[in-house]
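Note that the protein sequences, when read in sequence, are chains A and B.
Numbered by the UniProt record's numbering, the letters in the first sequence go through residues 1 to 122 in order.
Numbered by the UniProt record's numbering, the letters in the second sequence go through residues 1 to 122 in order.
A quick write-up on the structure given underneath.
There are 2 protein chains.
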Amino acid sequence: MTEPVAISETERLISSDKVEGTRVYNRQGERLGTIRNFMVNKQSGRVEYAVLEFGGILGIGNEYYPLPWELLTYDAKQAGYCVDLDKTRLEGAPRYRDRDPLWDEIYGQQVYGYYGVTYPLF
Amino acid sequence: MTEPVAISETERLISSDKVEGTRVYNRQGERLGTIRNFMVNKQSGRVEYAVLEFGGILGIGNEYYPLPWELLTYDAKQAGYCVDLDKTRLEGAPRYRDRDPLWDEIYGQQVYGYYGVTYPLF
Chain A
1 MTEPVAISET
11 ERLISSDKVE
21 GTRVYNRQGE
31 RLGTIRNFMV
41 NKQSGRVEYA
51 VLEFGGILGI
61 GNEYYPLPWE
71 LLTYDAKQAG
81 YCVDLDKTRL
91 EGAPRYRDRD
101 PLWDEIYGQQ
111 VYGYYGVTYP
121 LF
Chain B
1 MTEPVAISET
11 ERLISSDKVE
21 GTRVYNRQGE
31 RLGTIRNFMV
41 NKQSGRVEYA
51 VLEFGGILGI
61 GNEYYPLPWE
71 LLTYDAKQAG
81 YCVDLDKTRL
91 EGAPRYRDRD
101 PLWDEIYGQQ
111 VYGYYGVTYP
121 LF
């Protein structure tokens, strides 16, 4: 099988499948989890949230934290995203466990509000 | 293992991993291929291209067509994307095989230009 040599990242762009599974660290270098997936606005093509997966063993007890895309900065040295977020701040953050939230605008405003990021017009 | 019941799509949003692997049809109902991945602008969080994978057997001879996100409309009946694109038009379209293109703005303008879509400011 010949797979193309994928340029999964340039200075400007990143491939969707490279984002998924990428580790997330905070500025203290603590590992917060990995990006499970991200939600794209169908109309505008803008990413509305990335979903950070955290905790649990073998998928049991995992928790999912929607994060505004703006929070994520890729750090080549750590080969992961670096987020300005300490663990106590994450502990109080909007999250879900067994079932995805409804992803409506009210939820969006809650999430962005928690992180002090202006909820964009998608 | 307990995986959450993922709402992979709402009226507004679609999950990244649902986009990948989705079949693409044209208006004549012909299958054009599947979405392999898509490229996101790291800064703005906007999707710049979806990559349509087409042809080949077991990965040999596949070709990859970058498409402006705006071209894709999800059609629940076909459980796939519907694109206004006949096969002859696709045959002349920008594509790559063994190696991803450089994904710079010149390339972006070529791709968007081919499909008659204004290249947005990302």
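Quick reminder that beta carbons are idealized off the backbone N, C-alpha and C, glycines included.
The alpha carbon of glutamate 11/A has as its nearest neighbour, out of Ala93/B, Gln109/B and Trp103/B, the alpha carbon of Trp103/B.
Classified as exposed, leucine 121/B has fewer than 16 neighbouring CB atoms from the shown chains inside 10 Å of its CB.
Annotation for glutamine 110/B: Pro94 place their beta carbon closer than 8 Å to its own, counting only its chain and skipping 5 residues before and after. Valine 47/B places its beta carbon less than 8 Å from that of phenylalanine 38/B. In this structure the segment 62–71 of chain B does not lie against the segment 74–94 of chain A, because fewer than three pairs of beta carbons, one per stretch, are closer than 8 Å. Judged by DSSP in its simplified three-state form, glycine 21/B adopts coil rather than helix or strand. The C-alpha of tyrosine 107/B is placed about 35 Å away from the C-alpha of arginine 27/A.
In the DSSP assignment, glutamate 9/A forms a beta bridge with Ile14/A. Rounded to the nearest angstrom, the gap between the Cα atoms of serine 16/A and valine 40/B is 7 Å.
When the Cα atoms are used, glycine 33/A and glutamate 105/A turn out to be separated by approximately 25 Å. Interface with chain A (8 Å Cβ-Cβ cutoff): threonine 88/B is excluded.
DSSP lists Phe54/B as the bridge partner or partners of glutamate 63/B. Put simply, the CB of lysine 42/B is near chain A, with a gap under 8 Å to one of its CB atoms. In the three-state scheme derived from DSSP, where H, G and I count as helix and E and B as strand, arginine 89/B is classed as helix.
If you look at valine 40/A, you'll find it in the beta strand (DSSP E) that goes 31–41.
Listed along the chain, the chain B residues whose CB falls inside 8 Å of the CB of threonine 10/A are Leu102, Trp103 and Asp104. Among the CB atoms of chain B, none fall inside 8 Å of the CB of valine 83/A.
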